[in-house]
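In short: position in the sequence shown from 1, add 202, done, that's our numbering.
We put the beta carbon where it would ideally sit given N, CA and C, even for glycine.
Quantities reported herein were computed from a predicted structural model and do not represent experimental measurements.
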Amino acid sequence: MCKSCYHCGEEVPVNTDYNVEILGELRDMCCPGCETVAQTIVESGLVSYYQYRTAPAEKADLVPEQLQALIHYDNEEVQSEFVRNQDDQVEVTLSLEGVSCAACAWLIEKQVASKPGVLSIRVNTTTNRAILAWDKNKTRLSELLSVIHRLGYKAAPFEADKQEAAYHYSMKQYLYRLGIAGLATMQVMMLAVALYLEVFGDLEPEFKNYFRWVSLIFATPVMLYSALPFYINAWRSLRSRTLGMDVPVSLAMIFAYFASLVATVTEQGEVFFESISMFAFFLLVGRFLEMRARRKAAAASGNLLKLVPAIASTLDGEQIAVRSLKVGDRIRVLPGEHIPADGKIISGRVHIDESMLTGESVPVVKRIGDAVFAGTLNGEESFELEVSSTKADSMISNIVRLQDEAQMSKPKIAEIADVVARYFVAVILVIAAFTWYFWHESRPDDAFWIMLSVLVATCPCALSLATPTALTCATSRMGNFGILLRKGHVFETLCKVNHLIVDKTGTLTHGDIEISNVDTFADLDEKQCLKLAAALEAHANHPIARAFREYDDKSTQLENVQNIIGSGLQGEYQNKLVKIGNAAFALTSPVSPEANSVYLSIDGVHTATFVYRDPIRSESENFINRFKDAGIKISLLTGDSERNANYVAESIGIDNVIANAKPNDKLAYLKSLDSKEVTMMIGDGINDAPTLAGAHLSVAMGGGTDVAKASADMVLLGDRLDRILQARELALKTRKIIRENLAWSLGYNLLILPLAVAGFVAPYFAVVGMSASSIIVVSNSLRLLKEQGK
């Protein structure tokens with residue numbers, strides 16, 4: 203009986219013995235190519251490719267190895283865990299290995315973006331992540347990942363646990379390299395003392411040469427192992443015709459080593475083995491501390507994903523992997539457990555700790571039908587949950603993705619700094635060459651030393667780190683305030699806002715509206731009027747509509763219901779036209795509008811008036827006063843009646859009121875403003891969506907509609923207005939720190955360059971200065987993580 207190749211499906215020739223153990227069984231292969239490919243997939247931890255594939259692979263006649271390890275990611279079942287779909291456009295967050303500076307990021311972005319089907323790619327050098335969007339009809343994820351791999355970097359879909367494991371492995375390797383460089387430096391420095399200071403008296407030539415050979419033996423492992431990361435980064439840059447930060451460093455070390463090697467073998471000239479060892483040691487110390495600091499800055503958002511458990515319990519008590527949950531699945535969440543997936547409660551009344559989302563420590567009461575989110579903490583009662591979204595589309599995954607997007611955007615001054623840093627390396631190489639030539643003519647013994655100092659001291663690492671580290675820290679801190687950033691320009695625009703425009707209901711007021719009084723004017727009694735109003739309002743999601751939900755018993759049948767945004771709702775009930783909304787919309791006969799009222803009519807006849815109560819938020823007055831103190835103009839822009847709007851405005855101190863404004867009126871008001879006014883709009887309703895989209899900066903309240911959130915640049919998850927004040931203060935401090943970082947890094951390079959060229963900077967001081975400048979910039983940015991929410 204003929205056997206088929208488990209990998210490609212072709213017939214296995216007789217008298218062959220190619221096989222690989224896959225999924226616990228020995229599988230037959232038809233050729234060495236398929237055997238190698240299958241073994242690579244298994245050893246790469248990608249065996250789930252065989253579980254999910256829908257057809258055998260193509261014949262593997264010595265196909266490229268990396269493609270075999272990446273084809274796994276093209277499977278739709280596998281992609282459902284990490285890929286976000288929108289029509290034909292798909293997006294994924296990637297973890298990157300080997301990215302060390304802005305030049306690395308630029309190289310990856312340039313090469314990947316040039317491929318057909320790629321819509322965008324943005325790399326964050328602080329978090330070592332990238333956001334990649336592509337057209338799935340034109341290219342495949344495996345092809346794009348292989349492009350990154352061919353550049354010399356590693357890329358895979360972002361998973362917090364795997365990235366943390368990779369980070370710890372990388373740090374362990376740095377410690378090994380650092381230890382060898384440190385030991386070698388101590389030994390070579392002792393020999394250098396004897397060589398240069400001759401503390402033991404005049405040394406015979408054979409002893410001097412002996413010390414040189416011993417120094418060579420100690421320095422060689424440093425060159426071949428400890429300094430390897432710098433050569434790899436430099437080679438990546440040169441192979442791709444770019445100049446990264448490690449190019450001048452690597453050139454300096456290689457020149458020094460080979461010059462010293464020639465001097466040792468020929469017994470002529472000077473040796474620099476102690477400088478090589480010190481270079482490597484100080485550079486590794488700097489890179490190690492820099493990696494730790496950048497990791498601290500990047501950890502906040504990634505740590506959110508660790509709150510999502512790996513295992514969930516079914517209603518039958520079975521344990522299943524969270525990644526296998528699908529929309530519509532039902533699970534049980536036990537007391538004290540983190541909720542494994544976004545969904546809605548189908549049984550139970552529980553208290554949920556949502557502090558990881560909103561920054562609020564007080565648990566929130568959730569009832570049947572209410573939404574809960576993955577990563578939040580269940581209280582003391584178990585409940586049943588129906589899954590409403592996959593892990594890739596969950597609220598917590600979206601928060602991490604949006605934070606990454608915000609961190610990857612750069613102010614214009616930062617983009618200029620990156621370009622300067624990229625070309626600065628080329629300028630440094632030219633200056634170093636001229637420096638060597640100049641000093642070789644006048645002081646040949648010092649020319650090499652001075653050239654090394656120029657190459658090392660002026661490396662613009664700090665310039666490349668100045669902005670991304672600050673933005674990463676600030677974005678993480680925003681998340682702790684309960685603010686979700688959806689656009690990258692938030693920090694820049696927050697500093698420039700000079701006109702605040704706020705909605706009333708659900709923004710300055712709580713939006714937890716209750717019907718306090720019902721006046722009836724027709725044959726229907728109060729209960730019937732409430733049921734009819736609730737049936738109409740069930741088709742809206744405004745805070746006033748939610749006040750009627752408790753009166754909706756689903757028995758009242760309506761037809762042709764329409765939501766007239768900014769006015770009210772209308773529909774047909776028993777062949778009669780029923781309206782609910784403001785007086786101008788619902789009533790044919792004029793009445794004197796009452797504060798906080800909506801009106802119900804049947805065939806134009808005034809049927810009922812509903813008076814509602816909506817208390818003003820306790821922090822609203824302080825919120826408005828703080829913005830007024832900052833010299834910012836404030837306007838209340840609402841679709842509510844002038845009477846209601848003026849009452850709230852007078853209570854909290856707003857002078858400029860625009861009431862009875864429909865969505866088009868709100869947008870028209872925005873467009874009528876002076877072009878010098880930088881506006882920030884805060885709202886929560888569908889009728890605020892156009893204005894939110896049109897403002898320079900927009901904030902949606904967390905309890906608002908999905909349409910409003912989709913139109914906003916920021917979402918205030920906890921509905922606390924004072925968080926916006928903290929966000930503005932943080933934005934101002936972020937701008938200050940970015941300017942400090944850029945001033946320090948540019949100032950350092952402009953100061954050190956002439957000193958190095960003039961021969962006043964020893965090579966080991968150059969290494970210390972270059973590493974210290976990067977650490978200072980990163981440490982300065984880390985101050986943003988200490989901004990406290992209250």
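Distance check for residue j and residue i, CA to CA, integer angstroms please.
i           : j           : result
residue 817 : residue 923 : 15 Å
residue 401 : residue 461 : Residue placement at residue 401 is poorly supported in this model, since its pLDDT is 48, which falls under 50; the coordinates still yield a value, given next. Cα to Cα, residue 401 sits roughly 25 Å from residue 461.
residue 859 : residue 810 : 28 Å
residue 670 : residue 298 : 16 Å
residue 803 : residue 788 : 6 Å
residue 825 : residue 814 : 24 Å
residue 967 : residue 659 : 8 Å
residue 686 : residue 542 : 21 Å
residue 668 : residue 974 : 13 Å
residue 300 : residue 348 : 15 Å
residue 351 : residue 979 : 30 Å
residue 565 : residue 680 : 21 Å
residue 646 : residue 310 : 41 Å
residue 526 : residue 372 : 30 Å
residue 213 : residue 338 : 32 Å
residue 594 : residue 524 : 11 Å
residue 995 : residue 491 : This structure leaves residue 995 out entirely; the chain is present only between 203 and 992.
residue 240 : residue 207 : 11 Å
residue 331 : residue 849 : 49 Å
residue 478 : residue 334 : 40 Å
residue 554 : residue 567 : 6 Å
residue 827 : residue 320 : 48 Å
residue 522 : residue 295 : 25 Å
Would you call residue i buried or exposed, if buried means 16 or more other Cβ atoms sit within 10 Å of its Cβ?
i           : result
residue 388 : exposed
residue 713 : buried
residue 308 : buried
residue 220 : buried
residue 516 : exposed
residue 621 : exposed
residue 792 : exposed
residue 949 : exposed
residue 227 : exposed
residue 288 : exposed
residue 772 : buried
residue 536 : exposed
residue 544 : buried
residue 637 : buried
residue 382 : buried
residue 901 : buried
residue 921 : buried
residue 412 : exposed
residue 938 : exposed
residue 551 : exposed
residue 464 : exposed
residue 520 : exposed
residue 336 : buried
residue 450 : buried
residue 222 : buried
Bridge partners of residue i, per DSSP?
i           : result
residue 781 : 772, 803
residue 411 : None; residue 411 has no bridge partner.
residue 359 : 296
residue 701 : 835, 881
residue 573 : 546
residue 818 : 711
residue 533 : 516, 587
residue 847 : Answer is none; residue 847 lacks a bridge partner.
residue 229 : 222
residue 540 : 579
Measure the beta-carbon distance from residue i to residue j and round it to whole angstroms, keeping in mind my assumption that it falls under 8 Å.
i           : j           : result
residue 547 : residue 585 : 6 Å
residue 934 : residue 697 : 6 Å
residue 736 : residue 754 : 4 Å
residue 883 : residue 703 : 5 Å
residue 782 : residue 749 : Not confirmed; about 12 Å, so no contact.
residue 841 : residue 863 : 5 Å
residue 657 : residue 454 : 4 Å
Just list the alpha helix (DSSP H) runs in the region 655-683, keeping only unbroken ones of 4 residues or longer that don't cross its boundaries, in chain order. 663-667, 670-682
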